[in-house]
Amino acid sequence: MPADNDRVISTLPEGLWSAPEPSVPAGLDEDPVLRIRVPASLHYTYNPGTAPSRFLRGLAEKKIIGEACPVSGDVYVPPRGLSPLCGLPTTEQVEVGPNGTVTSFCVVHIGFGVNAPPTPFVTALILPDGAAISLYGPIQEMPYDEVRIGMRVEPVWVDDDQLTASFENIKWWRAIDEPDVAAELLRGHM
Amino acid sequence: MRDVAIVSVAQSVHQRELKAKNEVEMIQPVIHAALDGIGAKIADIGFTVSGSSDYLQGQAFSFVMVLDAVGAWPPIVESHVEMDGAWALYEAWLKIQSGHCDTALVFGYSKASPGDLPRTLSRQLDPYYYGPLWPDSVALAGLQARAMIDAGKITEAEMAEIAHRSRTAASANPNAQVRGSASVEELLEADYISDPLRVHDCPPISDGGVAVVLAAGDRAREWADRPAWIRGIDHRIDSHNLGARDLTASSSLRIAGGRAGVADGKVDIAELHTPFTHQEKIAVEALGLGADVSINPSGGPLAANPMMAAGLIRLGEVANRIMDGSADRGVATATSGHCLQQNLVAVLEGER
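See the structure below:
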């Protein structure tokens, strides 16, 4: 590879997806411009909106607040302000969880990014009690190969003096001493 | 060709910054107002298509989240264009023409307020020559205005008159953002922002959206007393290379207008998506519009310019005036890119 080929195309280890050899079409001179660097950045002041703001403010108080569909009563979390099934605004805030049930999980062997826990670790979809849809989060404090669908879990929060209006307030989820929920009861959530 | 009409239009009250709501919360009432206006349900709609751009709000796949506002259950036939909603309408029109459906819901929306819009728009430029230089959209429009003034095609006073007429017309438009105008003389006393452009020569930065329902044939007549039939629609694009174009004229508008049939009958009104004052004169010339045509009676994009919606709003404003009987035949345009690079022209008509 040429010395200037310092492009990182993936955070995955070398060999899984490696950088392609640059190819120069025949007929070009011996010193082609293979690439240019064009740094680009755009800055945003993003507002999450009415319902997501309520959810995020709830997290600052260690509450998981969903919003109910005005037709079916299903509670969506995190809420986006609307029932995705009927398109109508949600109007009622409903506190769900904080305990929940694992509806699916994945054992991660190659972690992305600097904040990934040591591998292997488990990410899961967790259905908070009272909610119609699942939240995403890692599961810790147990062997990764003992996580299972139907397992009961609770959130592990950051220390109280670290609480902000952020989903990162939940560090991870851990198992609690309750019987597993039967898979049949999770139908529609798996 | 099937007869296809706009039968319902709804839009937001456009504003500089809609702080409290996210995009889906902003567009949901608009979508439902367009459907409720004709007593339609999403189940009556054969095809749903939207126009938006994730760059504006800075949120990946925001257009997918916005489908929550439609009520996409049971699953619907849906599409999206990373363009103004006018091009989404074009896709819906093709879908109906091809016989895949008889009805369509089309919407376009954006919140430009989270970002720095003129800088964001510089990302529309090519990545090798223009992009690395970060020219903003107002500066590029300034190049075009300068070229027009130099060619003797417009004066700064004429530009101020266009702004004054637009902002004054917007006084009667409850959805407009800039309503009412200082005198032309007062406007001309303002400082330049990108010489020769002053603030009044530029569109406001807007958060907002629009939704439109299309229907074919008898279905359109069921939903509207006087449907706004799409008699012609065409879109064309000029070179991406600003240096390769005559910035004082628009080939794409001229060709699209010709193919859409603008000259095939009397034009009562024209809603032109010409975001900068001087661009209106380019469009009027390219489309061959006479002095008797009412230009931008809504106030046009100089009064409210929500990105990805302002073009579709032009079609909606013409359709509203045909549906209420105040006009019989009108022209609407939508633009995309810098300096009127890409243009869509539609001719709408009511039955007499």
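Heads up: the sequence lines are chains A and B, in that order.
The first sequence runs 1 to 190 under the working numbering.
The second sequence runs 1001 to 1352 under the working numbering.
All C-beta atoms in this analysis are idealised placements derived from N, C-alpha and C, irrespective of residue type, glycine included.
The structure displayed is predicted, hence computed values, not measured ones.
Where the alpha helix (DSSP H) through Asn1320 (chain B) begins and ends
Start at 1 with the first residue of the second sequence, and residue 1320 (chain B) comes out as number 320. Segment Ala1310 to Met1323, the alpha helix (DSSP H) holding Asn1320 (chain B).
Taking 8 Å as the cut-off, decide whether the C-beta atoms of Leu1272 (chain B) and Glu1285 (chain B) are in contact.
Here residue 1272 (chain B) refers to the residue found at position 272 of the second sequence. Here residue 1285 (chain B) refers to the residue found at position 285 of the second sequence. Not in contact: Leu1272 (chain B) and Glu1285 (chain B) (Cβ atoms no closer than 8 Å).
Note down the Cα distance separating Ala1034 (chain B) from Asp31 (chain A), rounded to an integer number of angstroms.
The residue labelled residue 1034 (chain B) in the question sits at position 34 within the second sequence. The residue labelled residue 31 (chain A) in the question sits at position 31 within the first sequence. Ala1034 (chain B) and Asp31 (chain A): Cα-Cα distance of roughly 59 Å.
Can you give me the start and stop residues for the beta strand (DSSP E) that Gln93 (chain A) sits inside?
Numbered from its first residue, the first sequence carries residue 93 (chain A) at position 93. First-last of the beta strand (DSSP E) with Gln93 (chain A): Glu92 to Val96.
From the DSSP output, in three-state form, read off Gln1097 (chain B) for me.
Numbered from its first residue, the second sequence carries residue 1097 (chain B) at position 97. Note: Gln1097 (chain B) maps to helix in three-state DSSP.
Apart from the five residues just before and just after Gly1180 (chain B), which ones in its own chain have a Cβ nearer than 8 Å to its Cβ?
The residue labelled residue 1180 (chain B) in the question sits at position 180 within the second sequence. Within the same chain, Gly1180 (chain B) has close Cβ partners Arg1167, Thr1168, Ala1170 and Ser1171.
Would you mind stating whether Leu1140 (chain B) and His1338 (chain B) have Cβ atoms separated by less than 8 Å?
Working through the second sequence from its first residue, we reach residue 1140 (chain B) at position 140. Working through the second sequence from its first residue, we reach residue 1338 (chain B) at position 338. Taking 8 Å as the Cβ cut-off, Leu1140 (chain B) and His1338 (chain B) qualify as a contacting pair.
Measuring only the C-alpha atoms, how far is Gly1258 (chain B) from Gly1330 (chain B)?
Position 258 of the second sequence, counted from the first residue, corresponds to residue 1258 (chain B). Position 330 of the second sequence, counted from the first residue, corresponds to residue 1330 (chain B). Their Cα atoms are separated by approximately 14 Å.
Within chain B, the residues that Val38 (chain A) reaches when beta carbons sit closer than 9 Å
Taking the first sequence and counting its residues from 1, one reaches residue 38 (chain A) at position 38. The answer, in chain order, is Pro1127, Tyr1128, Gly1131 and Pro1132.
Give the DSSP bridge partners of Leu125 (chain A), in chain order.
Within the first sequence, the letter at position 125 stands for residue 125 (chain A). Answer is A:Ser104 and A:Tyr136.
Can you give me the C-alpha to C-alpha distance between Gln140 (chain A) and Met1308 (chain B), rounded to a whole angstrom?
Residue numbering aside, residue 140 (chain A) sits at position 140 when the first sequence is read from its first letter. Residue numbering aside, residue 1308 (chain B) sits at position 308 when the second sequence is read from its first letter. So the two alpha carbons sit approximately 44 Å from each other.
Could you say if the region 160-173 of chain A and the region 1005-1023 of chain B meet the contact criterion of at least three C-beta pairs nearer than 8 Å?
no
Exposure label - Ala1263 (chain B); buried when at least 16 CB within 10 Å:
Counting from one through the second sequence, the residue named residue 1263 (chain B) turns up at place 263. Label assigned to Ala1263 (chain B): exposed.
Compute the distance between the beta-carbons of Gly87 (chain A) and Gly1299 (chain B), then report whether it is under 8 Å.
Residue 87 (chain A) sits at position 87 when you count from the first residue of the first sequence. Residue 1299 (chain B) sits at position 299 when you count from the first residue of the second sequence. Not a contact, by the Cβ cut-off of 8 Å.
Rounded to whole angstroms, what is the Cα-Cα separation between Pro1132 (chain B) and Leu1253 (chain B)?
Residue numbering aside, residue 1132 (chain B) sits at position 132 when the second sequence is read from its first letter. Residue numbering aside, residue 1253 (chain B) sits at position 253 when the second sequence is read from its first letter. If I take the Cα positions, the gap works out to 29 Å.
Per DSSP, what are the beta-bridge partners of Asp180 (chain A) in this structure?
Numbered from 1 along the first sequence, position 180 holds the residue referred to as residue 180 (chain A). Paired residues: none, contrary to the question.
Which first and last residues belong to the alpha helix (DSSP H) in which Asp1207 (chain B) is found?
Translated into the one-based positions of the second sequence, residue 1207 (chain B) becomes position 207. Taken as a continuous stretch (DSSP letters only), Asp1207 (chain B) belongs to no alpha helix (DSSP H), being part of the beta strand (DSSP E) at Asp1207 to Ala1216.
Quick check on the burial criterion: 16 or more other C-beta atoms within 10 angstroms. Buried or exposed for Pro1306 (chain B)?
In the second sequence, counting from the first residue as 1, residue 1306 (chain B) sits at position 306. With 16 or more Cβ atoms within 10 Å of its Cβ, Pro1306 (chain B) is classed as buried.
Counting C-beta neighbours from all protein chains within 10 Å, is the total for Pro155 (chain A) 16 or more, i.e. buried, or is it exposed?
Position 155 of the first sequence, counted from the start, is the residue given in the question as residue 155 (chain A). Classification for Pro155 (chain A): buried.
At 4 residues or longer, and completely inside the region 1019-1086 of chain B: list those alpha helix (DSSP H) runs for me, N to C.
1023-1036, 1054-1057 and 1062-1066
Could one say the Cβ of Trp1229 (chain B) lies closer than 8 Å to chain A's Cβ atoms, at least one of them?
Counted from its first residue, the second sequence places residue 1229 (chain B) at position 229. Trp1229 (chain B) does not count as touching chain A.
Smallest Cα separation from Met1323 (chain B): which of B:Ala1228, B:Val1178, B:Ser1294 and B:Arg1352?
The residue you call residue 1323 (chain B) lines up with position 323 of the second sequence. Cα-wise, what sits closest to Met1323 (chain B) is B:Ala1228.
Around the C-beta of Asn115 (chain A), are 16 or more other C-beta atoms found within 10 angstroms, so that it is buried, or is it exposed?
The residue given as residue 115 (chain A) occupies position 115 in the first sequence. Asn115 (chain A) is exposed by the Cβ-count criterion.
Any C-beta of chain B sitting closer than 8 Å to the C-beta of Arg80 (chain A)?
As a first step, residue 80 (chain A) must be located in the first sequence, where it is residue number 80. Closer than 8 Å: yes.
Counting along the chain, where does the beta strand (DSSP E) carrying Leu59 (chain A) start and finish?
The residue given as residue 59 (chain A) occupies position 59 in the first sequence. Segment Thr50 to Leu59 is the alpha helix (DSSP H) holding Leu59 (chain A); no beta strand (DSSP E) there.
8 Å Cβ cutoff, Pro1204 (chain B) in contact with chain A
Residue 1204 (chain B) sits at position 204 when you count from the first residue of the second sequence. No, Pro1204 (chain B) lies away from the interface with chain A (no Cβ there is under 8 Å from its Cβ).
Using a Cβ-Cβ cut-off of 8 Å, state whether His43 (chain A) counts as contacting chain B.
Within the first sequence, numbered from 1, the residue matching residue 43 (chain A) stands at position 43. For His43 (chain A), the answer is yes, since a Cβ of chain B falls inside 8 Å of its Cβ.
To be precise: take each residue of the region 57-90 of chain A, compare its Cβ to all Cβ atoms of chain B, and keep it if any distance is under 8 Å. Which residues remain?
Arg80, Gly81, Leu82, Ser83, Pro84, Leu85, Cys86, Gly87, Leu88 and Pro89
For Ile1114 (chain B), which residues in chain A fall below 7 Å Cβ to Cβ?
For this step, residue 1114 (chain B) is matched to residue 114 along the second sequence. Sequence check: residue 1114 (chain B) is Pro here, not Ile. In chain order: Tyr44, Thr45, Tyr46 and Asn47.
Opening and closing residue of the alpha helix (DSSP H) in which Thr1120 (chain B) lies
Reading the second sequence from its first residue, position 120 is the one you call residue 1120 (chain B). That run of the alpha helix (DSSP H) goes Leu1117 to Leu1121.
Applying a beta-carbon distance threshold of less than 8 Å, which residues of chain B neighbour Leu32 (chain A)?
Looking up residue 32 (chain A) in the first sequence gives position 32. The question names Leu, yet the displayed sequence has Pro at residue 32 (chain A). Residues of chain B passing the Cβ test: none, with the nearest at roughly 14 Å.
The region 1009-1027 of chain B: positions lying closer than 7 Å to chain A by Cβ:
Lys1019, Ala1020, Lys1021, Asn1022, Val1024 and Glu1025
Ordered along the chain, which non-local residues of its own chain (more than five positions away) have a Cβ less than 6 Å from that of Gln1144 (chain B)?
Sequence index remark: in the second sequence, residue 1144 (chain B) carries index 144 (1-based). Same-chain partners within the cutoff: Leu1247 and Cys1339.
Considering Glu168 (chain A), what are the terminal residues of the alpha helix (DSSP H) in which it resides?
Indexing the first sequence from 1 puts residue 168 (chain A) at position 168. No alpha helix (DSSP H) holds Glu168 (chain A); DSSP gives it neither H nor E.
According to the neighbour-count rule (16 or more other Cβ atoms, all chains shown, within 10 Å of its Cβ), is Asn5 (chain A) buried or exposed?
The sequence position of residue 5 (chain A) within the first sequence is 5, counting from 1. Model confidence at Asn5 (chain A) stands at a pLDDT of 46, short of 50, so the residue's coordinates are unreliable; what they give is reported in the following sentence. By the 10 Å Cβ count, Asn5 (chain A) comes out exposed.
Using a Cβ-Cβ cutoff of 8 Å, what residues of the region 1065-1081 of chain B are near chain A? List them in chain order.
Met1065, Leu1067, Asp1068, Ala1069, Val1070, Gly1071, Ala1072 and Trp1073
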